[in-house]
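Visitor:
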Amino acid sequence: MPVLELDPAAVRTARSLARRVGEPIVAMTKEHTTVSVERATLRLAGLAGADPDGTPWANRLLDTVRADVGIECGVCLPVWDALVRGEAGDLAELAAKASVGSVTFRLPKGRDRVRARSAARKAVGVGVRTLDAQRRERERLVKRWGNPAQQPWIYLIVATGDIYEDIVQAQAAAHAGADVIAVIRSTGQSLLDFVPEGATREGYAGTYATQENFRLMRAALDQTSAEVGRYIRLTNYASGLCMPEIAALAGLQRLDMMLNDSMYGILFRDINPVRTFVDQRFSRQVHARAGIIINTGEDNYLTTADAVEAAHTVTVSQLLNESFAKEAGLADWQLGLGHAFEIDPDLPDSFRLELAHALLARTLFPDAPLKWMPPTRHMSGDVFRGYLLDGFFNLAGALTGQGILLVGMMTEAVVTPWLSDRDLALQNVRYVLNACGGLAEDFHPPADGFIATRARQVLAESIDLLERIVARPDPTFGAGLLTAIADGTFGLMKRPADGGRGLDGVVRRADDYLNPAIDMLEPGS
Amino acid sequence: MSGAQIVRPYGDTTGDGMVQTSFTLPVSNGKLAEGAALQLVAKMGLDPAMVVHSRSVGEGYTFFVVYGRAGHLVDLSEVRVVERDYPLLSPKEANLAIRNALRRRVTVVGACIGTDAHTVGIDAIMNIKGFAGEKGLEYYRELRVVNLGAQVSVPQLVERCTAEAADAVLVSQVVTQRDAHVLNTQEMSAAFREAFSASRRPVLIAGGPRFDESMAADLGVDRVFGRGTTPAEVASFLVHELVTNRRAAVATPRARRSA
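Spelled out as structure tokens, the structure:
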């Protein structure tokens, strides 16, 4: 493992500042729930399917309950009270009846409340035990088929819009050397406040994340894993307005990695910050339980802000993501913290700067499988130059011991990757890993050299920014992360706490709020 | 040779006509595949041609790199392109032109419409950071920039432009799957024509790497900017339309334009 000499006191300071920045946010998330957290709970209890118009039963049921009695006490009490009263035989029937107005919900009191709570716990417990069973199944299959022979794991994207076409491409990619397959989502999905249902064959620049699509792709990759003799991991996106539900579906269908960033939705999708943080915590608790590796989205900052000037915002975001993840129960091996090779190649010493930033992340998070993202911003359409740039990106990945390498395409920003583009890209990765995959053990930049000095500078700037965030007055929640986000500190995007999409789905919890899923997923429970 | 109207591709000698191309055929690698590649490039006008590389890419597919001599001639006198028909101004000159002629700031609203989430293009033009060493529109003191970001619906955009009394609207489209960029832009321009009278309608500009700059009329916009457009080109066009072509209202000391 390559190690830079960083001042241990500075590293401790950075971590404790990140924790302090996060504490009021975590406290705030514990005071709120969202429509998506409640729907995810219903899904864990087994509610699936949709009405004839395609609106999921989870949405129909939740909306009715919310209109009748509100969800300040959680959706579970009124729902299982109705089931205990015999209003319907199961959740789907209850949802169907509720959507035509033939069930009236109430907030049960006294013994009725005790009965509803225990019925809800039992039903949600089945889902949580399925997460556990899927985690064990993954461990069994990894043992049987094995992990990739090399580090970093090779991560490839498919994105046809048609799940059946995706399967063909994913299986071909795995045969060609991919260790991780990511199915890119249809661009509009992050702003849908429901999870589409069933297998889908239409999507824009990607394929919808649905429970059935997850199931189909996982089954196909299990078959391919057996053929290639290594466990092929499957990735999707727990982001956007339905992050908690998608996390639950991913756990139920044994997805292996999920893109799941604490601030991405706020900054790049203009989703309300409170909604995002509340949804985030629940989804991370699900991922922790299900043994899913999260991938964070720091690479995105560098697509809008300058990769040298804003290098410390990546480090700050990694520290915050780590802090929020640990608080939600994720272990180090589950933290695919993101960063990217986005420095302008015309800048002198650009590669040395990239190495400094990558090594800083490697040194700060020694046990995390860092996710190394390829150049996009400076891929100009000159595919030949782009191929060289991707080669240097791969070299930096090998040299600095990255955990997950997203394969760069020379046709980035030109076309969706062609068959030949993917083959050339994999040849590029294989050449570099074959030629110098073990170079990390020989690479020890001197403590007084350019790389180590730059890394220390970025760490110092990160601490400085974290201190400024902590010191910032915040009228609502007592600390400054939300105002820092509102001021455009990250990725130059300004997002006020009372703006953005999905705010109407945020509800302050009542004192007697009940959610058995949160009770079971809470670390230490 | 000066004034030459007929040109050919240049490999290492004037007039040799040499080009290089690569493609994949759904044929297993072998003699048949190589012959098939030569047949294709012959039909493309390459003669003689050499398959310099062939490689199996997955079962039943072969990738080729071919070098060959293109027999076609290029007649420069028949090439039609959209040349910039307005002067390129520095930020200082653009600011001065607006201040002198309109006596108020110009409001520019930008957005990625539809489901397109790629803000790279609009950010490069609008953010103060700019790109290729050139500052974005936010840097121009006389421009008031409202960047709505990604995934803005057309009704939202029209509403916001009305509220902001926008002089110009910049719409960026990167995703081209199923011609989304064309359809989204047409929907946008139609909505603006419906919501505003011809004299009050903001200047409509569409941009994106896959747009053809000669498509403005088809798309219903005033200008299309393609790959490699710089913020100064956009700012200069705004001055040209709003000031030179007098499309913008001039502020009077008492009544400022409001929506």
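Just so you know, the protein sequences line up as chains A and B, in that order.
Final position of the first sequence in my numbering is 531; the numbers increase by one with none missing.
Final position of the second sequence in my numbering is 262; the numbers increase by one with none missing.
Virtual Cβ for every residue (Gly too), placed ideally from N, Cα, C.
#1: Rounded to the nearest angstrom, how far is the Cβ of V112/B from that of E162/B, given a contact under 8 angstroms?
#2: Between D305/A and F456/A, what straight-line distance do the alpha-carbon atoms span, to the nearest angstrom?
#3: Should the segment 33 to 53 of chain B be regarded as contacting the segment 440 to 455 of chain A, the criterion being three or more beta carbon pairs within less than 8 angstroms?
#4: For A194/B, collect the residues of the same chain with a Cβ closer than 6 angstroms to its Cβ; drop the 5 residues on either side in sequence, then sort them by chain order.
#5: For the beta strand (DSSP E) holding H38/A, just list the boundary residues, first then last.
#6: What residues in the segment 59 to 72 of chain B bring their beta carbon closer than 7 angstroms to a beta carbon of chain A?
#7: Mapping DSSP to helix, strand and coil, what is F134/B?
#8: Less than 8 angstroms between CB atoms is the rule here; does G484/A satisfy it with respect to chain B?
#9: Specify the secondary structure class of M2/B as computed by DSSP and reduced to three states.
#10: Against chain B, which members of the segment 190 to 212 of chain A pass a CB distance test of less than 8 angstroms?
#11: For D429/A, go through chain B and note every residue whose CB falls closer than 7 angstroms to its CB, in chain order.
#12: If we ignore side chains and look at the alpha-carbon of each, how far apart do T136/A and A178/A end up?
#13: Could you give the DSSP three-state label for G71/B: helix, strand or coil?
#14: Return the residue from the list V90/A, V476/A, A24/A and Y161/A that minimises the CA-CA distance to M264/A.
#15: Alpha carbons only, please: which of L23/A, K103/A, D13/A and P114/A is nearest the one belonging to D518/A?
#16: Does the contact criterion of 3 or more C-beta pairs under 8 angstroms hold for the segment 76 to 93 of chain A versus the segment 22 to 34 of chain B?
#17: Do you know offhand how far G484/A's Cα is from L258/A's?
#18: T27/B by DSSP, collapsed to three states: which one?
#19: On the premise that T319/A lies in contact with Y307/A, defined as a C-beta separation below 8 angstroms, what is that separation, rounded to the nearest angstrom?
#20: Look up F483/A in the DSSP assignment and say whether it is helix, strand or coil.
#21: If you draw a straight line from the C-alpha of V90/A to the C-alpha of G52/A, how long is it?
#22: Looking at chain A, which residues of the segment 21 to 38 of chain B have a Cβ within less than 8 angstroms of any of its Cβ atoms?
#23: Just reading off the alpha helix (DSSP H) that Y393/A is part of, what are its end residues?
#24: Taking 8 angstroms as the cut-off, decide whether the C-beta atoms of A346/A and R290/A are in contact.
#25: Would you list, in chain order, the members of the segment 151 to 170 of chain B that have their beta-carbon closer than 8 angstroms to a beta-carbon of chain A?
#26: Provide the residue span of the alpha helix (DSSP H) that contains L258/A, from first to last.
#27: Taking just the CA atoms, how far does L49/B sit from A36/B?
#28: Does the distance from the C-beta atom of E348/A to that of A296/A stay below 8 angstroms?
#29: If the cut is a Cβ gap below 9 angstroms, which residues of chain A does P123/B touch?
#30: Name the chain B residues that come within less than 7 angstroms of A178/A, Cβ to Cβ?
#31: Buried or exposed for S231/A, going by 16 or more other Cβ atoms inside 10 Å?
#32: List the residues of chain A that V178/B touches, going by C-beta distances under 7 angstroms, in chain order.
#33: Any heavy atom of the ligand SAM within a distance shorter than 7 angstroms of the CB on R478/A?
#34: Taking the C-alpha atoms as reference points, what is the distance between D285/A and V513/A?
Guide: According to the structure shown:
#1: About 11 angstroms separates the Cβ atoms of V112/B and E162/B, ruling out a contact at the 8 angstroms cut-off.
#2: Each residue's Cα considered, the two are about 23 angstroms apart.
#3: Contact between the segment 33 to 53 of chain B and the segment 440 to 455 of chain A is absent, because fewer than three Cβ pairs lie under 8 angstroms.
#4: Closer than 6 angstroms at the Cβ level, and outside the excluded window around A194/B, lie V157 and V161.
#5: Its beta strand (DSSP E) spans residues H38 to T40.
#6: Answer in chain order: V60, G61, Y64 and F66.
#7: Looking at F134/B - three-state DSSP - the assignment turns out to be strand.
#8: Note that G484/A has pLDDT 43, beneath the 50 cutoff, so the model's placement of it is unreliable and the number below is only indicative. It does not: the Cβ of G484/A has no partner Cβ on chain B nearer than 8 angstroms.
#9: In the structure displayed, chain B extends from 4 to 262; residue 2/B sits before or after that span and is not available.
#10: Closer than 8 angstroms at the C-beta level to chain B, one finds these residues of the segment 190 to 212 of chain A: S192, T193, G194, S196, L197, Y210 and A211.
#11: By Cβ distance, chain B contributes V60 and F66.
#12: In this structure, the CA atom of T136/A is about 30 angstroms from the CA atom of A178/A.
#13: Note: G71/B maps to strand in three-state DSSP.
#14: Proximity to M264/A across V90/A, V476/A, A24/A and Y161/A peaks at Y161/A, based on C-alpha coordinates.
#15: Measuring from the Cα of D518/A, the nearest candidate turns out to be P114/A.
#16: Two segments are said to touch when three or more pairs of C-beta atoms, one from each, lie closer than 8 angstroms; by this definition the segment 76 to 93 of chain A does not touch the segment 22 to 34 of chain B.
#17: Because the pLDDT of G484/A is 43, which lies under 50, any placement of that residue in the model is unreliable, and the question is left without a value.
#18: Residue state, collapsed to three classes: strand.
#19: With a Cβ gap of about 5 angstroms, Y307/A and T319/A count as contacting.
#20: At F483/A the pLDDT is 47, less than 50, meaning the model places this residue with poor confidence; the figure from the coordinates comes in the next sentence. Secondary structure at F483/A: coil, using DSSP grouped into helix, strand and coil.
#21: When rounded, the separation of the alpha-carbon atoms in V90/A and G52/A is 16 angstroms.
#22: Listed by position, the residues of the segment 21 to 38 of chain B near chain A (Cβ gap below 8 angstroms) are S25, F26 and T27.
#23: For Y393/A, the uninterrupted alpha helix (DSSP H) segment begins and ends at V389 to L405.
#24: Contact check for A346/A against R290/A fails: the beta carbons are separated by 8 angstroms or more.
#25: Going along the segment 151 to 170 of chain B in chain order, one finds G152, A153 and Q154 with a Cβ nearer than 8 angstroms to chain A.
#26: Taken as a continuous stretch (DSSP letters only), the alpha helix (DSSP H) holding L258/A covers M249 to L258.
#27: Rounded to whole angstroms, the gap between the alpha carbons of A36/B and L49/B is 17 angstroms.
#28: No, the pair does not count as a contact, with Cβ atoms beyond the cut-off.
#29: What sits at residue 123/B in the sequence shown is Val, not Pro. Chain-order list of chain A residues neighbouring V123/B: T309, T310, T382, R383 and A419, by C-beta distance under 9 angstroms.
#30: Within chain B, the residues near A178/A are G61.
#31: By the neighbour-count rule (16 or more Cβ atoms within 10 Å), S231/A is buried.
#32: Here the neighbours are T193, Y210 and A211.
#33: The ligand SAM is absent from the structure shown, which contains no ligands of any kind.
#34: Spanning the two alpha carbons is a distance of roughly 12 angstroms.
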